[in-house]
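According to the working numbering, the stretch in the sequence shown is residues 2 to 536, in order.
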Amino acid sequence: MGERPYEYLFLPLEVQGFSLYMTRNKSAQQQQMTTPVLASQLYFCRTPETRCLAWCTRTTSPSSPCLLAGGSSPGASPWTLAEILSVRSAELLPFPFDTAGVSPKPAASAPRQQSSMAVQVTVLPSPRCLFDDPVQICVTGLLPQQEVTLRACLVDEGGELFQAHARYRAGSSGELDLTRSPALGGSYSGVEPMGLLWSLRSKTPYKRLAKRNVLTPFCVDLEVYEGHGDMSRLLGKCTHERSFLAEGVKRIPVREGRLKATLFLPPGPGPFPGLIDLYGSGGGLVEYRASLLASRGFVTLALAYMAFEDLPAMPEILELDYFEEAVHFLQKQKQVKDTGIGVLGLSKGADLALSMATFLPGIKAAVSISGSGFNSFIPLRGDGFTIPPHPYDLGRMKTSKESDLVDFSEILDDHRDPATWHCRIPMERSLAKFLFLSGLDDTNWKSDLYCQDAVQRLRHCGRKVEFCSYSGAGHLLEPPYLPLCQASIHKVLGLFVQWGGQWKEHAKAQEDAWHRIQAFFWQHLMDSDTPKSNL
Numbered sequence: 002m003g004e005r006p007y008e009y010l011f012l013p014l015e016v017q018g019f020s021l022y023m024t025r026n027k028s029a030q031q032q033q034m035t036t037p038v039l040a041s042q043l044y045f046c047r048t049p050e051t052r053c054l055a056w057c058t059r060t061t062s063p064s065s066p067c068l069l070a071g072g073s074s075p076g077a078s079p080w081t082l083a084e085i086l087s088v089r090s091a092e093l094l095p096f097p098f099d100t101a102g103v104s105p106k107p108a109a110s111a112p113r114q115q116s117s118m119a120v121q122v123t124v125l126p127s128p129r130c131l132f133d134d135p136v137q138i139c140v141t142g143l144l145p146q147q148e149v150t151l152r153a154c155l156v157d158e159g160g161e162l163f164q165a166h167a168r169y170r171a172g173s174s175g176e177l178d179l180t181r182s183p184a185l186g187g188s189y190s191g192v193e194p195m196g197l198l199w200s201l202r203s204k205t206p207y208k209r210l211a212k213r214n215v216l217t218p219f220c221v222d223l224e225v226y227e228g229h230g231d232m233s234r235l236l237g238k239c240t241h242e243r244s245f246l247a248e249g250v251k252r253i254p255v256r257e258g259r260l261k262a263t264l265f266l267p268p269g270p271g272p273f274p275g276l277i278d279l280y281g282s283g284g285g286l287v288e289y290r291a292s293l294l295a296s297r298g299f300v301t302l303a304l305a306y307m308a309f310e311d312l313p314a315m316p317e318i319l320e321l322d323y324f325e326e327a328v329h330f331l332q333k334q335k336q337v338k339d340t341g342i343g344v345l346g347l348s349k350g351a352d353l354a355l356s357m358a359t360f361l362p363g364i365k366a367a368v369s370i371s372g373s374g375f376n377s378f379i380p381l382r383g384d385g386f387t388i389p390p391h392p393y394d395l396g397r398m399k400t401s402k403e404s405d406l407v408d409f410s411e412i413l414d415d416h417r418d419p420a421t422w423h424c425r426i427p428m429e430r431s432l433a434k435f436l437f438l439s440g441l442d443d444t445n446w447k448s449d450l451y452c453q454d455a456v457q458r459l460r461h462c463g464r465k466v467e468f469c470s471y472s473g474a475g476h477l478l479e480p481p482y483l484p485l486c487q488a489s490i491h492k493v494l495g496l497f498v499q500w501g502g503q504w505k506e507h508a509k510a511q512e513d514a515w516h517r518i519q520a521f522f523w524q525h526l527m528d529s530d531t532p533k534s535n536l
């Protein structure tokens, strides 16, 4: 056989060292070589004539005809370098190696392509973690500079499939590390360690990924496919579990008095800071944020106030003493520190959080997420007073002809008009600390404008207020790595509504907001800048 250019495929074998035979030509005596050979130096091929296997090092070249070979057909001479170089790439095979001897062990039915068994997907530091934990996703066993596509798949509790994918090129060592390797396109681009999680989306339009049962994890299949094409050849995969409840955290349903809630208790005697968690006008009892906060060291009460069990979907009025009952319930828990209660709310829950901090002395700190400094939609009745909802006109609601999505952003009367100021929440009276969070791309509610107004009112009275506004973030600022939902159905209204947000910017905002919320509560409820648990 004449010498040919290098056409064979490099196939690494995962072994650390073994004995090999070395020969320089067919007539040479075989000489045992016991020098350890690293896996990254070994590559394998076969000839169609003998259907046998041989191996050589990466440094082998026509000008340096050193061939590491063995295990040819019985009675056959070891292969020469020229014979190795004559093998076409289509005839290449990986094979398992018998480290106890010096011969390769041919597989019973070896595929004519790169072995997917050598490709491994790993999640560090563990394949199981809390949903708000960042992880390091790595791929090993690839060819140098090999082009691959990574895909994440998650099926929610309703059977809806959420997917994300990104195209990558392996490094010179045949590895990928998503904390360093840039995505070349797909659902995102650039170095995004958690991009496969925050870019998950359903093919069904307007689906929101949310956790219903916090006792079970979300399972994410992480897959590696050959090339940047149709993802037809799977090279490797693993399953990554992301939980909403840390080990030892207790989940306790609460139906005490009028309360419809779930209590989450961190493990241990405490004392821990106590929080009340409120979601928006979509109603229901939403637990996943509360369970994650409890996993980070907060006794957290997820509280329903509408559209749950016997609570009406659209109450004619909300009673402040219902929320006061929740405060008293939390204060009675032995594990709760007696320095005051915190409350956080999203959307409608945000203005309720501000009202609780204003009128209920047990509240020491409040977080408003995508909210406003006035009462919205439903009258709030307290002891001897009622705050009416800010005036609105549903006739100003806009519906897109192309998407049927509803835009609520213009339904409110101008909040700067003094005629609306009787709907304001008089936060200036409160001694509580406040944190306001909003997104500049909120297309559901002018939350940034409304939060700025509330912050200015407080600062005008000499109050120190924390405020963070996020470029590119939408209305639904959730715990980190939950994917952006730009539009979904409003469960109470039965309409598909816009929420806004840009994918990458919203993901970054959620990470930052989550850390700010925890640090804020630790500082003002425990007089500590950082929690003992990992922020």
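By construction, the Cβ of each residue, glycine as well, lies at the ideal position given by its N, Cα and C atoms. It should be emphasised that the depicted structure is a prediction, and the values quoted were computed from it without experimental measurement.
**OP:** Could you tell me if P183 is buried or exposed, where buried requires 16 or more neighbouring beta carbons within 10 angstroms of its beta carbon?
**Re:** P183 is exposed by the Cβ-count criterion.
**OP:** Using three-state DSSP, classify I370 as helix, strand or coil.
**Re:** Reduced to three states, the DSSP call for I370 is strand.
Subject >> Runs of alpha helix (DSSP H) lying entirely within the stretch 268-330, each at least 4 residues, in chain order >> reply: Counting only runs of 4+ residues, the alpha helix (DSSP H) found wholly inside the stretch 268-330 occupies 289-296, in chain order.
Original post:
Between G76 and the rest of its own chain, which residues show a CB-CB distance below 8 Å, the 5 nearest in sequence each way excluded?
Top reply: Interpretation of G76 is limited by its pLDDT of 39, a score under 50 that renders its predicted location unreliable; the figure taken from the coordinates is listed afterwards. The beta carbon of G76 sits closer than 8 Å to none of the beta carbons in its chain outside the five residues before and after it.
Original post:
When you compare only the Cα positions, how much space is there between R256 and L144?
Top reply: Going from the Cα of R256 to the Cα of L144 covers about 59 Å.
Original post:
Starting from Y471 and walking both ways along the alpha helix (DSSP H), at which residues does that stretch end?
Top reply: Premise fails: Y471 lies in the beta strand (DSSP E), 467-471, not in any alpha helix (DSSP H).
Original post:
Excluding the five sequence neighbours on either side, which residues of its own chain have a C-beta within less than 6 Å of the C-beta of I154, listed in chain order?
Top reply: Note on residue identity: the sequence assigns Cys, not Ile, to residue 154. Cβ neighbours of C154 beyond the five flanking positions: Q164, D222.
**OP:** Classify L526 as helix, strand or coil using the three-state DSSP reduction.
**Re:** In the displayed model, L526 falls within a helix according to three-state DSSP.
**OP:** Report yes if the CB atom of A488 is closer than 8 Å to the CB atom of W504, and no otherwise.
**Re:** Not closer than 8 Å, so no.
Original post:
So, does the CB of N214 fall closer than 8 Å to a CB anywhere in chain C?
Top reply: The question asks about chain C, but that chain is absent: this structure has only one protein chain.
**OP:** Output yes or no for whether 8 Å exceeds the beta carbon distance between G142 and A119.
**Re:** Taking the C-beta atoms as reference points, A119 is found nearer than 8 Å to G142.
Subject >> Selection from G271, I253, Q147, K238 that minimises the alpha carbon distance to G228 >> reply: Looking at the Cα atoms, Q147 is the closest of the given residues.
Subject >> Delimiting residues of the alpha helix (DSSP H) encompassing K349 >> reply: For K349, the uninterrupted alpha helix (DSSP H) run begins and ends at 349-360, by DSSP.
Subject >> Residues that C239 bridges to, as DSSP identifies them >> reply: BP columns for C239 point to L223.
**OP:** Would you grab the beta carbon distance between L438 and V344 for me? Rounded to a whole angstrom, and I think it's under 8 Å.
**Re:** 14 Å between Cβ atoms; not a contact.
**OP:** Output the boundary residues of the alpha helix (DSSP H) element that contains V456.
**Re:** DSSP places V456 inside the alpha helix (DSSP H), whose first and last residues are 448-461.
**OP:** Hey, could you find the ends of the alpha helix (DSSP H) G160 is sitting in?
**Re:** Per DSSP, G160 belongs to no alpha helix (DSSP H) and is neither H nor E.
Original post:
In terms of alpha-carbon separation, which member of E242, P274, I318, K492 lies closest to R129?
Top reply: Looking at the Cα atoms, E242 is the closest of the given residues.
**OP:** Helix, strand or coil for E411, going by three-state DSSP, please let me know.
**Re:** Coil.
Subject >> Residue interval of the alpha helix (DSSP H) (run including L246) >> reply: L246: not part of any alpha helix (DSSP H); DSSP gives it neither H nor E.
Original post:
Less than 8 Å separating the beta-carbons of K447 and S470?
Top reply: No. Outside cutoff.
Original post:
What's the call for L436, buried or exposed, on a 16-neighbour Cβ count within 10 Å?
Top reply: Buried, since its Cβ has 16 or more Cβ neighbours within 10 Å.
Original post:
Between which two residues does the beta strand (DSSP E) harbouring G191 extend?
Top reply: According to the DSSP assignment, G191 belongs to no beta strand (DSSP E), since it is labelled neither H nor E.
Original post:
Hey, out of D231, M307, L353, whose CA is closest to P390's CA?
Top reply: Checking every option, the nearest Cα to that of P390 belongs to L353.
Original post:
Thinking just about the alpha-carbon of each residue, which of P268, A303, L276, L294 is nearest to the one in G285?
Top reply: Comparing Cα-Cα distances from G285 to each of P268, A303, L276, L294, the minimum goes to A303.
**OP:** Could you tell me whether the stretch 192-212 touches the stretch 473-489, where touching means 3 or more Cβ pairs closer than 8 Å?
**Re:** Here the stretch 192-212 makes contact with the stretch 473-489; the two share three or more CB pairs at distances below 8 Å.
Original post:
Going straight from the alpha carbon of D538 to that of D513, what length do you get?
Top reply: The structure shown does not extend to residue 538, since the chain is modelled only from 2 through 536, so no value can be given for it.
Subject >> Three-state secondary structure (DSSP) of E512 >> reply: Helix.
Original post:
Taking the C-alpha atoms as reference points, what is the distance between I412 and E320?
Top reply: Distance between the alpha carbons of I412 and E320: 25 Å.
**OP:** Mind checking which residues open and close the alpha helix (DSSP H) that includes L395?
**Re:** Taken as a continuous stretch (DSSP letters only), L395 belongs to no alpha helix (DSSP H), as it is neither H nor E.
Original post:
Quick one: what does DSSP say S87 is sitting in, helix, strand or coil?
Top reply: Residue confidence for S87 is low, a pLDDT of 43 falling below 50, so the modelled location carries little weight and cannot support an answer.
**OP:** For the stretch 327-337 and the stretch 516-530, state whether three or more C-beta atom pairs, one from each stretch, are separated by less than 8 Å.
**Re:** With a cut-off of 8 Å, the stretch 516-530 and the stretch 327-337 do not count as touching, because too few Cβ pairs lie within range.
Subject >> C-alpha gap between G237 and K212, whole angstroms >> reply: Rounded to the nearest whole angstrom, the CA to CA distance from G237 to K212 is 28 Å.
Original post:
So what's C130 in DSSP terms, helix, strand or just coil?
Top reply: The answer is strand: DSSP assigns C130 an E or B state.
Original post:
Who are Y169's beta bridge partners in DSSP?
Top reply: Answer is V149, bridged to Y169.
Original post:
Closest to Q511 by CA distance: which of E467, G172, G440, H525 is it?
Top reply: Taking only the C-alpha atoms, the option nearest Q511 is G440.
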